[in-house]
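Asker: The sequence shown begins at 53 in our numbering and counts up by one.
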Amino acid sequence: MLDRPRGPGATHPVQPVHGPGYRTAWQLWRRGEHPDALAHLALRTRSPVVLDALALTATGGSLTVDQLLGLGTIRFAPGRTAPAAALALALAGTGRSVEDLVAAADLYEELWAADALGDCAPIHHQALAQAFLLTGRHDRLRRVLPDLNRLAAPVRHDVEVDLANPHLAGGAVALADHQRWVHLLTSRFVDAGLEPVQVSGEATHLFDRLRADPGLRGTAGPGPLVTVIMPCYRPDEGLLTSLASISNQTWGDLEILVVDDASGPDHEELFERAVASDDRARLVRMPRNGGSYLGRNAALEQARGELVTFQDADDWSHPRRIEHQARLLTADAEAAASRSLAVRAKDDLTHQWFGYRSVRDNASSLMVRRSVIDRIGPFGAIRKGADSEYAERVTCLAGPVLDTGTPLAITRLRTGTLSRGDFTYQWSTPERLVFKGSYRAWHRRLTTDREGGPPATSAVLGPDDQLGCPVPRSFLRGLDHYPDWDTVPVAYLGDLSADPRESGAGADGHLWRELGEPREPRVGLWHLETAAPPVRRKRPEMHDAWFDRLIASEGAVVPLTRLDEVRVERLVVLDPGVLLLAEAQPCRLRAGQVEVWLSPRVLAPDTSGLPIDLLAVSDTCRAWWGTGPRWVPAPGLSEAQVLELEELLPGLLSP
């Protein structure tokens with residue numbers, strides 16, 4: 053059972069080029085999983101094993117991904133359009149290298165040449181267009197664009213705008229070409245009934261040349277005072293761009309609070325220039341760096357506005373943003389907050405972030421009544437994710453957040469920024485996912501623990517603005533309330549996406565019953581997606597019931613991820629399948645003893661005809677933790693099942 057297979061069947065030898073993980077890749081291929089589902093699995097896990105499975109599927113079992121890419125000229129087997137497109141999507145979206153993006157574009161070009169695009173799902177039309185743009189194949193994209201008949205209209209618009217951008221080629225730009233591009237760039241605002249945007253003046257980046265009619269300033273008439281909070285850390289000229297767009301708002305009753313998050317003396321002159329540009333602006337200085345949400349909270353203590361909103365320090369807002377959002381709230385006394393859309397753009401005002409559309413909800417545009425803030429408390433004192441939590445807390449405890457439904461800002465998309473680095477297409481850091489599940493469980497508890505309703509007068513947050521749910525350790529880096537523990541006696545790792553209350557005698561059900569009365573001072577829960585069939589197109593997240601138990605345990609049960617810098621004395625792996633695709637991503641969590649629970653069902657062959665590759669499981673344990681696992685019969689097995697396991701793994705089971 054622990055011998056690595058020597059071929060894709062029981063007897064056929066494998067060439068030496070096929071290394072660890074090949075058997076799992078072969079299983080994924082032979083199970084007949086849908087290619088797009090495999091692509092999404094590759095994107096979520098960033099696993100080369102899944103890329104190999106896609107390459108095998110695209111080439112009829114002939115080549116792994118490295119072998120395919122090593123040919124120089126990308127080819128796929130006849131009649132295998134779907135797996136070839138899925139492989140291209142996965143190569144482009146996992147972001148392993150520029151070479152992979154080029155290879156993805158090559159694959160899509162082959163599909164185009166074979167007149168196979170009509171058989172591809174809409175995401176592949178988008179992926180082709182974005183891969184061509186990102187690899188500089190503008191002329192070829194112009195030729196293929198008419199054939200991309202499944203390209204969504206908003207994505208097509210972004211592509212046409214970027215293809216029309218005359219500044220990308222460098223050198224002198226004809227005025228007519230510039231004006232034609234600006235007309236396309238600003239059409240989203242004009243189509244929404246807003247004034248057009250201009251790109252003029254001199255600045256390092258095109259983004260910082262965004263302008264609007266200065267005659268619009270203060271033309272909306274009187275209304276309640278709106279405080280705009282703008283936290284920033286070591287800003288560049290984007291701060292001036294951002295503040296100028298707020299100064300030019302039609303809503304004249306403004307208070308602008310610029311927060312210096314301990315940027316240091318090198319940035320003092322820029323902050324002084326910024327606040328001197330508008331007599332409604334004031335500077336709030338943080339004594340030490342704590343992140344944008346602590347900066348927001350410090351400004352909230354000084355804010356005088358009846359309404360409060362926010363702006364990222366390098367974004368640009370249309371002159372009507374404050375007006376349109378404030379009008380929603382003045383017209384609906386029941387609404388707690390308002391929000392608008394934004395268009396993402398890079399410094400050169402192109403829009404391409406692979407897999408994403410440019411128009412999105414603008415999290416920093418949230419405008420909240422001061423009375424609501426007083427009722428539900430400020431932002432959580434954390435470094436990441438607090439805007440998402442806060443918007444959902446507002447909705448949960450105070451009432452609806454109204455949306456303008458129109459783009460009212462252009463937000464800057466910069467590679468490597470804090471939030472952008474946490475996301476690629478279909479992938480997010482596990483900390484973000486755990487935090488989302490945790491705070492939603494806390495919100496559910498808030499609405500049920502207070503006699504059927506939210507608090508009437510007192511704020512939800514306690515001293516130090518700490519949230520009532522577990523927060524990833526990295527979100528608290530450098531803050532006073534960073535956890536004072538770094539060891540967990542026991543933790544359980546498995547695919548926890550199923551409802552444990554319906555798991556019966558399985559490992560999940562056993563653990564659910566065990567955690568009803570935690571026996572250790574602290575127990576860890578770690579969710580990873582299994583490679584067991586069927587592969588799901590959508591990411592299977594940890595079930596809400598586990599998060600509810602985390603909140604109810606009041607710290608006795610804690611969520612863990614591979615990025616937690618903690619030591620687990622005894623790590624119990626409920627399902628060995630969760631380790632088959634894991635090694636591709638880094639693991640900071642340390643483990644002393646690793647114990648893998650097994651049952652005859654887990655070891656049974658799947659539809660490929662092969663059982664799970666326990667050697668690959670062992671390889672991951674050694675790569676991540678420097679130790680091999682103990683193979684242990686899962687709790688609740690009958691005597692006959694234990695005997696069956698002993699026959700399958702003679703001499704390897706631990707008592």
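For every residue, glycine included, the Cβ atom is placed at its ideal position computed from N, Cα and C. Being a predicted model, the structure only gives us computed values, none of them experimental.
In angstroms, rounded to a whole number, what distance separates the CA positions of residue 634 and residue 354?
Answerer: Spanning the two alpha carbons is a distance of roughly 47 Å.
Asker: Any chance you could list the alpha helix (DSSP H) runs of at least 4 consecutive residues sitting entirely within the segment 277-356, in chain order?
Answerer: Entirely contained in the segment 277-356, the alpha helix (DSSP H) runs reaching 4 residues are, in chain order, 290-299, 320-328 and 344-352.
Asker: Thinking residue 392 and residue 481 are a contact (beta carbons under 8 Å), I'd like their distance in whole angstroms, please.
Answerer: The pair is not a contact, with the Cβ atoms about 27 Å apart (cut-off 8 Å).
Asker: Let's test the definition: count the other Cβ atoms within 10 Å of the Cβ of residue 723 and tell me whether it reaches 16, buried, or not, exposed.
Answerer: Nothing can be reported for residue 723, as the shown portion of the chain is limited to 53 through 707.
Asker: Per DSSP, which residues does residue 647 bridge with? Please list them.
Answerer: DSSP output for residue 647 lists 624 and 682 as bridge partner(s).
Asker: Would you say residue 464 lies against chain D (beta-carbon separation less than 9 Å)?
Answerer: Here chain D cannot be found, since the structure has a single protein chain.
Asker: Are three or more beta carbon pairs between the segment 310-322 and the segment 339-358 nearer than 8 Å?
Answerer: With a cut-off of 8 Å, the segment 339-358 and the segment 310-322 count as touching, because enough Cβ pairs lie within range.
Asker: What runs of the beta strand (DSSP E), each 3 residues or longer, lie entirely inside the segment 506-591?
Answerer: For the segment 506-591, whole beta strand (DSSP E) runs of length 3 or above, ordered along the chain, are 539-546 and 575-579.
Asker: Are there three or more Cβ pairs, one per stretch, closer than 8 Å when the segment 273-291 is compared with the segment 353-367?
Answerer: They touch, by the three-pair rule.
Asker: According to DSSP, which residues form a beta bridge with residue 479?
Answerer: Per DSSP, 476.
Asker: Roughly how many whole angstroms lie between the Cα atoms of residue 596 and residue 582?
Answerer: Taking the straight line from one Cα to the other gives about 18 Å.
Asker: Suppose the cutoff is 6 Å on Cβ atoms and the five residues either side in sequence are ignored; what does the same chain contact list for residue 260 look like?
Answerer: So the qualifying residues of the chain are 289 and 293.
Asker: Buried or exposed: which applies to residue 133, given that a residue is buried once 16 or more other Cβ atoms fall within 10 Å of its Cβ?
Answerer: Buried, by the Cβ-count rule.
Asker: Going by DSSP, which residues form a beta bridge with residue 262?
Answerer: DSSP output for residue 262 lists 251 as bridge partner(s).
Asker: Going by other Cβ atoms of all chains shown within 10 Å of its Cβ, with 16 needed for buried, is residue 509 buried or exposed?
Answerer: Its pLDDT being 47, under 50, residue 509 is placed unreliably by the model, and nothing is read from it.
Asker: Would you kindly report the start and end of the unbroken beta strand (DSSP E) that includes residue 611?
Answerer: Looking at the DSSP string, the run of the beta strand (DSSP E) that includes residue 611 is 609-612.
Asker: Does the distance from the C-beta atom of residue 420 to that of residue 359 stay below 9 Å?
Answerer: In this structure, residue 359 lies closer than 9 Å to residue 420 by Cβ.
Asker: May I ask which residues mark the beginning and end of the alpha helix (DSSP H) holding residue 374?
Answerer: 373-383 is the span of the alpha helix (DSSP H), which, as asked, contains residue 374.
Asker: Report buried or exposed for residue 254, applying the criterion of at least 16 other Cβ atoms within 10 angstroms of its Cβ.
Answerer: Burial call: exposed.
Asker: Consider the C-beta atom of residue 377 and the heavy atoms of the ligand COA; say whether any pair is separated by less than 8 Å.
Answerer: Among the components of this structure there are no ligands whatsoever, and the ligand COA is therefore not found.
Asker: What does DSSP give as the partner residue(s) for residue 411 in the beta ladder?
Answerer: Residue 411 pairs with 395.
Asker: What would DSSP say about residue 389, mapped onto helix, strand or coil?
Answerer: It is a strand residue.
Asker: Please work out which residues of its chain come closer than 6 Å, Cβ to Cβ, to residue 527, disregarding the five sequence neighbours upstream and downstream, and give them in chain order.
Answerer: Closer than 6 Å at Cβ, skipping near neighbours: 434, 435 and 436.
Asker: Ignore the nearest five residues each way along the sequence and tell me which others in residue 219's own chain have a CB closer than 7 Å to its CB.
Answerer: Closer than 7 Å at the Cβ level, and outside the excluded window around residue 219, lie 225, 258 and 400.
Asker: State the CB to CB distance for the pair residue 641 and residue 654, rounded to an integer number of angstroms; the pair is presumed to be in contact (CB under 8 Å).
Answerer: The pair is not a contact, with the Cβ atoms about 23 Å apart (cut-off 8 Å).
Asker: Look at the alpha carbon of residue 439 and the alpha carbon of residue 229, and state the distance between them as a whole number of angstroms.
Answerer: When rounded, the distance between both Cα atoms is 39 Å.
Asker: Give the DSSP bridge partners of residue 111, in chain order.
Answerer: Answer by DSSP bridge pairing: none, since residue 111 is not bridged.
Asker: Would you mind working out which of 81, 77, 113 and 86 sits nearest residue 100, comparing C-alpha positions?
Answerer: Among 81, 77, 113 and 86, the Cα nearest to that of residue 100 belongs to 77.
Asker: As a quick exercise: from 425, 588 and 704, pick the residue whose alpha carbon is nearest that of residue 80.
Answerer: Checked all of 425, 588 and 704; the closest Cα to residue 80 is 588.
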